[in-house]
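Under our numbering, the first residue of the sequence shown is numbered 5, with each subsequent residue one higher. Reading through the structure tokens given below for one structure.
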Amino acid sequence: MGEFEVHRVRFFGLVPAGVRCLAYQRNGARLALARTDGAVEIYNFAANYFQEKVIPGNEARSVEALCWGAGDRLFGAGLGGEITEYDLSRLCVAHSVDGGGGPIWTMAANSSGTQLAIGCEDGSIKLFEVVPGGIQFERNMDRRQGRILCLSWHPSDTYIAAGSIDAIHVFNVSSGQTVQGIMVSYHMQKVKRKCIVWSIAVLSSGTVVTSDSFGRVQFWDWEQGTLQESHTVSTSAVLSLSVSEKEDSIIVGTSTGATYQFQLLPVKTGSLEKRWVRTKPFQHHTHDVRAVVHSSTALISGGLDAQLVIRPLMEKVQKKGYDAALRKFTFPHRRLVCCARKARLLLFQFSQHLELWRLGSTDKTGKDGEVLPLCRMPEHLVQLKSKGPEHIYCSCVSPCGSWVAYSTASRFHLYQVQYKGNSISVKKVPKVPKLVLPAYQLQFSADSGSLFIASAQGSVHVLQLLEPGGCKHLHTFWPPSGCPEAVYLLAVSADGHWLAAVGGDWAIHVYNLKCFKHHCTVPTYNCAVTALAIHPVTNNLVIAYSDQQLFEFSIPEKQYTAWSRMVQNSGLHKVWLERDSPITHITFNPKNPSHILLHDMYMFCILDKSLPLPDNSALLMNQSTLKQLPETARQWQLHAFKICKKFQPLLFADLLDENSLVMVERPIMDFKTQLPLPIQQKKFGT
């Protein structure tokens with residue numbers, strides 16, 4: 005694998021926001037997720053659960069509910085009292101409408117996605133019609149006392165059931181009248197306590213399912229107003245529930261981090277009578293499970309511990325493989341760290357500020373695996389705070405460390421950083437060219453003389469950086485066939501000749517920076533691009549896709565390389581293809597042109613193109629495991645993939661020079677200690 009001096013960085017204080025709500029798009033196989041900081045993320049199940057879109061949050065916008073409307077339109081609502089539609093092409097808010105009932109606690113769309121119902125603080129349920137270009141208020145349901153915390157449509161769209169404090173109400177959609185009211189009381193030691201109905205669902209049979217603050221999942225006959233079944237699953241609240249499309253399975257989430265599955269099973273073999281039975285408990289979270297979704301093949305849950313957990317239903321999976329793996333997503337599928345190699349600086353991106361750090365150094369040498377003492381400690385140089393409520397979309401630092409840029413939804417900022425001895429000065433560049441914002445990705449050229457800005461509709465702006473601290477707009481690249489989606493990945497060649505850009509349509513366009521013309525388009529591959537980079541020697545473009553495939557495309561020759569064709573003919577190792585974490589960064593070692601360095605969240609890999617690919621009978625070993633084998637066994641296991649799993653979770657890895665690497669980790673327990681304490685459960689024997 006080669007020996008490197010590794011700078012192991014653990015001072016990136018990122019604390020991911022918790023998951024607040026989920027919305028599953030059953031036809032399009034996409035999942036929308038909202039976090040407690042207002043950020044919205046889109047996961048594409050068809051692209052191996054890749055996080056393909058992120059709309060950063062806003063301090064002035066909370067998201068309590070998400071739902072998909074007709075035509076793949078995504079809506080959100082929150083305590084600000086507005087219904088928001090998101091532009092999934094430009095990754096921003098398209099428009100907002102005041103709900104008219106104060107803070108909105110819940111929202112749901114009917115089966116066709118043409119109507120939205122919202123539950124408000126003032127006890128009202130309001131219907132909105134989804135129309136081209138927005139939504140339009142339709143009418144109110146009967147107003148009830150107390151806030152509406154949850155609601156659900158009957159599959160026929162004729163009734164709406166709503167839950168509040170101590171009560172469930174059922175409304176006729178056409179008349180707006182209340183047709184049933186059920187009191188959900190709770191008595192303990194002859195003292196009545198308020199019961200909060202946190203979640204509700206209506207089955208096609210007319211049964212209403214509720215979960216409440218006393219740990220109960222209850223089944224009601226709404227026509228008779230009677231309780232059919234009651235299951236106490238927790239000593240604390242059951243916060244969320246979701247019903248499968250066939251209505252034979254339910255998943256619920258609790259405030260202890262546990263999730264439970266209920267199944268509708270025959271009372272005895274051969275019997276037509278069925279009852280709901282709690283069958284499977286899971287403990288994948290440490291904090292409140294605020295949102296759950298029941299897809300056709302998996303149980304999906306999101307918690308305040310920031311984890312999105314996708315647990316496959318083994319009886320629904322056709323064959324063992326990638327779809328049968330349990331997945332846990334905590335960190336974004338994009339980089340939040342940028343490296344200034346020449347200056348040995350790291351730029352950390354947080355939601356509303358940036359931190360610039362200088363790496364430590366050592367004057368000692370040692371053996372493989374030895375920890376060396378530092379002669380200079382890592383130094384926090386600069387903190388840049390973003391003004392206003394908008395969160396940061398993207399950021400970048402130049403290789404020389406003298407320029408820092410970042411963008412929010414409505415502002416683009418460029419700073420010049422000057423180093424004089426032990427003092428540092430930061431100067432904001434005035435009169436930055438007006439661009440179509442937000443910027444989705446920023447990339448400096450290798451000589452720090454240009455800045456490339458990924459923008460909407462597939463465009464990329466080129467800025468020339470001027471001394472002593474200015475810039476001017478040189479050119480804007482547009483894809484030749486047009487593109488409705490924003491560019492989300494950029495790669496520039498070391499010689500400053502080529503620029504590669506990837507849009508939300510997954511097309512890769514290559515531009516010539518010398519004559520400012522479109523050079524070529526990489527052949528279409530039906531999967532999302534997760535990372536790409538241009539080799540500094542050969543100008544070959546290396547591409548990683550969300551299905552874990554790797555391609556190498558020769559930019560000068562406008563075709564795939566012989567090595568890339570060999571990889572596709574031979575196939576990559578099945579263990580490599582079954583990984584559930586996407587490649588997020590690719591780089592190269594100029595000292596060894598045949599080496600490709602890449603990483604995901606759980607491994608760092610050096611891919612040696614000069615060695616043969618392993619077949620499926622070979623073991624795709626971790627390097628630490630390989631070192632324990634005898635020399636003859638190691639030679640037999642010699643292949644192209646050199647994998648290291650020592651650094652986890654790995655948020656960023658890059659080559660500082662031909663002999664040193666930087667690895668940025670964020671151990672899960674480090675940020676969980678900064679979360680509010682979870683509800684403690686008594687464990688047997690303690």
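Just so it is clear, CB atoms sit at the ideal spot from N, CA and C, and this is done for glycine as well. Remember, it's a predicted structure, so these values are computed and weren't measured experimentally.
Take His99, set aside five residues on each side of it, and the residues of its chain with a beta-carbon closer than 7 Å to its own are Glu89 and Gly138, in chain order.
DSSP places Leu581 inside the alpha helix (DSSP H), whose first and last residues are Lys578 to Leu581. Setting aside the 5 residues that flank it on each side, Ala302 is surrounded in the same chain by Ile314, Arg315, Pro316 and Leu317, each with a C-beta closer than 7 Å to its C-beta; the list follows chain order.
The alpha-carbon of Ser355 is positioned some 21 Å away from that of Ala460. For Ala566, no beta strand (DSSP E) segment is defined; the enclosing uninterrupted segment is the alpha helix (DSSP H) at Ala566 to Ser574. By alpha-carbon distance to His513, the top candidate from Asn530, Asn114, Gly500 and Ala495 is Ala495.
Approximately 4 Å separates the beta-carbon atoms of Ser259 and Ser240; this is inside 8 Å, confirming the contact. For Ile428, the three-state secondary structure derived from DSSP is strand. Counted as a single uninterrupted DSSP element, the beta strand (DSSP E) harbouring Ile204 occupies residues Val201 to Val206. Shortest Cα-Cα distance from Pro442 to any of Phe448, Thr480, Lys424 and Tyr397 involves Tyr397. Between Val13 and the set Ser305, Glu7, Ala166 and Leu351, the nearest pair of CA atoms involves Leu351. Between the segment 604-621 and the segment 640-660 there are three or more C-beta pairs closer than 8 Å, enough to call the two in contact. Sequence-distant partners of Gln29 (beyond 5 residues in either direction) whose C-beta falls short of 6 Å from its own C-beta, in its chain, are Trp72.
By the neighbour-count criterion, in which a residue is buried when 16 or more other Cβ atoms sit within 10 angstroms of its Cβ, Leu615 is exposed.
In this structure, Ile255 places its C-beta atom within 7 Å of the C-beta atom of Val296. The closest CA to that of Trp224, considering only His235, Phe218 and Ser217, is found on His235. Collapsing the DSSP output to three states places Phe218 in coil.
In the structure shown, Asp674 falls within a helical segment according to DSSP collapsed to helix, strand and coil.
In this structure, DSSP gives Phe448 an extended state, which the three-state scheme calls strand.
For Leu376, the closest C-alpha among the options Ser365, His173, Pro382 and Glu383 is that of Ser365. Assigned with DSSP and collapsed to three states, Ala21 falls in coil, not helix or strand. Judged by DSSP in its simplified three-state form, Phe8 adopts coil rather than helix or strand. Counting C-beta pairs with one atom in each stretch, the segment 112-127 and the segment 468-479 have fewer than three that are closer than 8 Å, which means they do not touch. DSSP, read as helix, strand or coil, puts Phe557 in strand.
Pro159 places its beta carbon 7 Å or farther from that of Ser203. In the structure shown, Phe352 adopts extended strand secondary structure according to DSSP, grouped into three states. For Glu125, same chain residues with a beta-carbon under 6 Å away, outside a window of 5 residues either side, are Gly106, Pro107 and Arg151 in chain order. By the neighbour-count criterion, in which a residue is buried when 16 or more other Cβ atoms sit within 10 angstroms of its Cβ, Cys400 is buried. C-alpha of Arg143 to C-alpha of Leu83: approximately 21 Å in a straight line. DSSP places Ala241 in the coil class of the three-state scheme, outside both helix and strand. A Cβ-Cβ separation of about 4 Å places Ala27 in contact with Ala36 under the 8 Å criterion. For the pair of segments examined, the segment 574-584 was found not to touch the segment 511-530: the number of CB pairs separated by less than 8 Å stays below three. In the displayed model, Phe49 falls within a helix according to three-state DSSP. Boundaries of the beta strand (DSSP E) harbouring Asn593: His589 to Asn593, taken from the DSSP string. Counting the other Cβ atoms within 10 Å of the Cβ of Gln678 gives fewer than 16, which makes it exposed. Straight-line measurement puts the Cα of Lys57 at about 22 Å from the Cα of Leu358.
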